[in-house]
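Data block below; observations after.
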Amino acid sequence: MNEIDEATWRHRFILMNLSRIGGTIMVLIGLLVWQSDKFVEGGSIVGFPIALIGLVASFGAPRWLARKWRTPPEQ
């Protein structure tokens, strides 16, 4: 069996949480662009796809990373 040291697990945990945080920040920025006057007067529809991409990244990236790092089942 392939043993992975504690530092590798720590780095993986940090990377999974950063992907969640990054996706959440992307959603918030997308909503800010879409619904407010901060960047464009009257808002912009461009913020909607940004928010959707951030939502998918927030939920999908940790799952993808976990699947990528999963150890194969023992036979």
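The sequence shown begins at 1 in my numbering and counts up one residue at a time.
Even for Gly, the Cβ is constructed at its ideal location relative to N, Cα and C.
A quick note: this is a predicted structure, and the numbers were derived from the prediction, not measured.
Please classify S19: does DSSP put it in a helix, a strand, or coil?
Assignment of S19 by DSSP, reduced to helix, strand and coil, places it in the helix class.
Between the Cα of S58 and the Cα atoms of S36, M26 and Q35, which residue gives the shortest distance?
Of S36, M26 and Q35, the residue nearest in Cα terms is M26.
In the DSSP assignment, find the unbroken alpha helix (DSSP H) run with I4 in it and report its ends.
Note, I4: premise wrong, no alpha helix (DSSP H); not H, not E.
For E55, the nearest candidate out of W69, R67, G42 and T24 (CA to CA):
This sequence places Leu at residue 55; Glu is not what is there. Residue T24 is the option with its Cα nearest to L55.
Assuming W34 and G43 make a contact with CB atoms under 8 Å, what is their CB distance in whole Å?
The C-beta distance from W34 to G43 rounds to 6 Å, short enough to meet the 8 Å contact threshold.
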